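The structure under discussion appears below in the form of structure tokens.
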Amino acid sequence: MSKFAFPFFVLVSGKLFGVEQGIYGLQLSEMLNETKLKSEDNSTFTISDSVVYSKNSNIVQLKGDAQVRRVDSIVKADSIKYNLKSGEVHALGNVRLLNDGNFIATPSLKYNVNKKTGVSEEVEYRLSNGGSGTSDRAELLDENHLQLGKTIFSLCNCDSKFWYIKASQIDVYKDENKIEAKNGSLYIKDFPVLWSPYLTFPLRKERRSGFLTPTLSSTSRSGLGFTIPYFWNISPNIDLTLYPQYFSKRGFQLGTEFRYLKPNYSGVYNLSYLPRDSERKDSRWAISLSHTHKLGSFLGFDFSLSGNIRAASDSDYFRDLSNLQNYQESKTFLPKNLSLNFTNNSTIKGFLGVTKYQSLHDLTSENSDKHIYYYTYERLPELKIEGNWYDIGGFDISTKLSYINFKFQKNIVWPHHPLAPDGSRLSSYTKVTYPIERAGWYIKPSIGLHLSHYHTNWHTNYDGKGVNYYAQSGRQIDSISRILPIYSVDAGMIFERKTSLFGKPKYQTLEPRLYYVHIPYKDQSDIPIFDTSITYLNFATAYSENIFSGGWDRINNANNLTVGLTSRWFDEGSGKERLSVQLAQKFYFTKQKVSISNNQRLRKLKKSEILANIATSLTDTLKIQAGWQLDSENKLTSSQTYLSINWFPKRLANLSLTYRYQKDPFYYNEKGKRLRDIYQLKGKENISIAAQWPLSKKVFAVGRWDYSIRESRTTQSILGLEYKDNCCFSSRLVLQRYAVSAAKSNTAIYFQLELNGLGSVGPDPLGLLRSSIPGYRKIVTPSPEISPFERYE
1 MSKFAFPFFV LVSGKLFGVE QGIYGLQLSE MLNETKLKSE DNSTFTISDS VVYSKNSNIV
61 QLKGDAQVRR VDSIVKADSI KYNLKSGEVH ALGNVRLLND GNFIATPSLK YNVNKKTGVS
121 EEVEYRLSNG GSGTSDRAEL LDENHLQLGK TIFSLCNCDS KFWYIKASQI DVYKDENKIE
181 AKNGSLYIKD FPVLWSPYLT FPLRKERRSG FLTPTLSSTS RSGLGFTIPY FWNISPNIDL
241 TLYPQYFSKR GFQLGTEFRY LKPNYSGVYN LSYLPRDSER KDSRWAISLS HTHKLGSFLG
301 FDFSLSGNIR AASDSDYFRD LSNLQNYQES KTFLPKNLSL NFTNNSTIKG FLGVTKYQSL
361 HDLTSENSDK HIYYYTYERL PELKIEGNWY DIGGFDISTK LSYINFKFQK NIVWPHHPLA
421 PDGSRLSSYT KVTYPIERAG WYIKPSIGLH LSHYHTNWHT NYDGKGVNYY AQSGRQIDSI
481 SRILPIYSVD AGMIFERKTS LFGKPKYQTL EPRLYYVHIP YKDQSDIPIF DTSITYLNFA
541 TAYSENIFSG GWDRINNANN LTVGLTSRWF DEGSGKERLS VQLAQKFYFT KQKVSISNNQ
601 RLRKLKKSEI LANIATSLTD TLKIQAGWQL DSENKLTSSQ TYLSINWFPK RLANLSLTYR
661 YQKDPFYYNE KGKRLRDIYQ LKGKENISIA AQWPLSKKVF AVGRWDYSIR ESRTTQSILG
721 LEYKDNCCFS SRLVLQRYAV SAAKSNTAIY FQLELNGLGS VGPDPLGLLR SSIPGYRKIV
781 TPSPEISPFE RYE
């Protein structure tokens, strides 16, 4: 490689440095930075076609393309009288003044280049933030303060302005970063829509206190909503936003957001309070507190404290009063946790904490039956430590140690359901790997040891039939230990060749992979289930040691081999992946003996379903991905299917189609009765269509439709239109209907008018569109901040 490679750039602490391979090269010149001028730098220059100088009066008369220039200001006119001693300038005819990025055009001007004060009438102006307009009078009171008389102001710089502000007076304060308008009216298409005795907005893109633009909202569960936020910039690193809002179906609510950022700690506090809900006849509230704090270093470890508290007055709060900006209707748990974190930034990390939960489960859900009971465990306390050491004599070593004291949290879904056991679990898993990696192949043998000890406080609660849910073996053992070795070998090869695909040169890889794991059987039926569930077979879990996830309250017996094959096609020139095909299947050399419950179906087959996946990017605009899970014992019927098509023909145009199918997890008991496996999710079949599409150069359609084929119902629908003006504004109208529970739906209407440079009116649906429409892009490109050097003459 040549010593003089192409330079790359990195942004460090706000400064741009250029670095070249092998040399240190370009750096940003300080001449391009804004600096405070010293008195000796204020030299004055004049330019004109003719000059007349009077020594007695110290006046220079300039005629014909006359200019008086300083580093910080320029005056241009047909003729100028300039007093060398006092700095007074009297300019006539086609006068232009450029001062700190501001521009004024006027027939005549009196200006003092020393004091930076002046006055003129009938002016056209353009400010440093891009705002422009006309005024009957302009006065520079000092270098910080520009005062305009009867004024028309707008940040819309088209010939035909879509919006503008008429004010009896406008004051521009450079140092305070604000523009104040007195007796101001906002006009849209020459029609007044808002009047205020006092309006203020920033001169630069910096935070400052003041009212934010009001928002209107409408949902079927809350009704019409109106919000006037107020932002208080307490200090550069502390602020408070108040959200007083009124819902026609619910009443008045006050929301707050308090943020702070310090060198060693930061946090965000949110609180919403509705004194009396008109429909529920009760007060309702929600709170969210988040704080992180650096505590310093001790014995080579960095310590920090973090806390997160989320709570609501009732489980339906977010379904009834979800803020259109937050989209929290589907939340099922609100956590409360506090943890002491530690790390040495290289090998060891961990935390000591406590965690509690508030359930928000939907009481009308079809899953809220006696077979599936939503329960959670509080962790009081929880200690976790992880360590990783690499290349220790060629070995990689990892270890995980945890201690958790579980406290069962009774749930309001079924308050009379039997109690689950409390208890504690001490566990560790240490794994040693000897990776052998060579060009084109690798092999990674590993051996691990899992140790766990349980102390359980069993509760003798039975259902109406006298069956204890949790003492599965009939023995309620208070203390039990488990030791299990885990052996695995992960090996693979990578072959590569030159080939072609659709007549174009490609590189193709062939990547076979074998993953073997062996775990001896151990009876674990006396061990309680605290935080463990069944994993679902996919390309990630096919190469995992345990079929159970979470805290490993169950560890499967295993003598399995996963066989996988991947092939990829890459562009010969760019290296972009164009096609990928994956296959995988697990082969079982022993029967499954460990289950999460006596009612769980045990695997009897000798091989798993076949996993197949294909992903294509045959063109730069069309991407297709499909996945199947094929039952090899039953004529390759599909138990799961996934299909996704994404088409992006051009900017601001995309179309996506997604289909998902998963069969019901049924099994047959010893008597041949067909039963549903309640420890796995119910089957589903749904289709989703989403798009952003231009109807013309200025009008764009957006939409999404989610339909459950199994339930024969629409679960979500979004339909909207967006309009983009050439330079002054954009608007969007979006209608959304979505399920907030099994029996409840909500309808929301979003209308937003975005005035370029001023702000937006109405609830912002952009978060909804970005999360719902793959590849969605905002139709208006943010305008860059204007530099004071941009209009330099």
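Using UniProt numbering, the first residue of the sequence shown is number 1, and each one after it goes up by one. Virtual Cβ for every residue (Gly too), placed ideally from N, Cα, C. Quick caveat: nothing in here was measured; it's all calculated off a predicted structure.
Asked, Found
"If you follow the alpha helix (DSSP H) that Y317 is in, where does it begin and where does it stop?", "Y317 to L321"
"I need the DSSP call for A542, collapsed to helix, strand or coil.", "helix"
"So for G767, helix, strand or coil by DSSP?", "helix"
"May I have the straight-line CA-CA distance separating S160 from K150, to the nearest angstrom?", "20 Å"
"The beta strand (DSSP E) with residue 860 in it runs from where to where?", "No answer is possible for residue 860: the residues shown for the chain start at 1 and end at 793."
"By how many angstroms is the C-alpha of P263 removed from the C-alpha of L141?", "39 Å"
"Which of the three DSSP states is assigned to V10 in this structure?", "Note on V10: pLDDT 28, under 50, position unreliable in the model; no value is reported."
"DSSP three-state call for S288: helix, strand or coil?", "strand"
"How would you write the range of the beta strand (DSSP E) that G225 sits in, first residue to last?", "G223 to T227"
"For S772, which three-state DSSP category applies?", "helix"
"Using a threshold of 7 Å, state whether the C-beta atoms of Y243 and G255 are closer than that.", "yes"
"So N646 and K623 are in contact, right, with Cβ under 8 Å, and what is the actual spacing, rounded?", "5 Å"
"Using CA coordinates, which residue listed in S544, G87 and E572 is at the minimum distance from K498?", "E572"
"Report the residue from V193, L199, D190 and A167 whose alpha carbon sits nearest the alpha carbon of K178.", "L199"
"If you measure between the beta carbons of G225 and F211, is that distance less than 7 Å?", "no"
"N270: which of T616, A312, D302 and I234 sits nearest, CA to CA?", "A312"
"What's the gap between the Cα of K684 and the Cα of S533?", "20 Å"
"Is the CB-CB distance between L652 and R554 below 7 Å?", "no"
"If contacts are defined as beta-carbon pairs under 8 Å, then A91 and S108 qualify, I think. What distance do you get, rounded to the angstrom?", "7 Å"
"Return the residue from the list F162, W195, S209 and Q169 that minimises the CA-CA distance to K188.", "The amino acid occupying residue 188 in the given sequence is Ile; Lys does not appear at that position. I188 has its Cα closest to that of F162, out of F162, W195, S209 and Q169."
"Quick one: using the 10 Å Cβ neighbour count with 16 as the cut-off for buried, is K55 buried or exposed?", "exposed"
"Just to confirm the assignment, what range does the beta strand (DSSP E) spanning W628 have?", "L622 to D631"
"Heavy atom of the ligand MG less than 6 Å from the Cβ of L360, yes or no?", "Ligands are entirely absent from the displayed structure, and the ligand MG is therefore not among its contents."
"Please state the DSSP three-state secondary structure of K684.", "strand"
"Please state whether DSSP places A420 in a helix, a strand or coil.", "coil"
"Give a yes or no on contact between the segment 103-117 and the segment 133-140, applying the rule of three or more CB pairs nearer than 8 Å.", "yes"
"Which value, in whole angstroms, describes the spacing of the CA atoms of S597 and S525?", "8 Å"
"Check whether the Cβ atoms of Q358 and E378 lie closer than 7 Å to each other.", "no"
"Going straight from the alpha carbon of I773 to that of P649, what length do you get?", "15 Å"
"Could you check which residue in T566, S222 and W285 has the C-alpha nearest to that of Y273?", "W285"
"Can you list the beta strand (DSSP E) stretches of 3 or more residues lying completely in the segment 109-167, in chain order?", "117-126, 132-142, 145-148, 151-154 and 163-167"
"Taking the Cβ atom as the reference point for each residue, do E754 and S730 lie within a distance shorter than 7 Å?", "yes"
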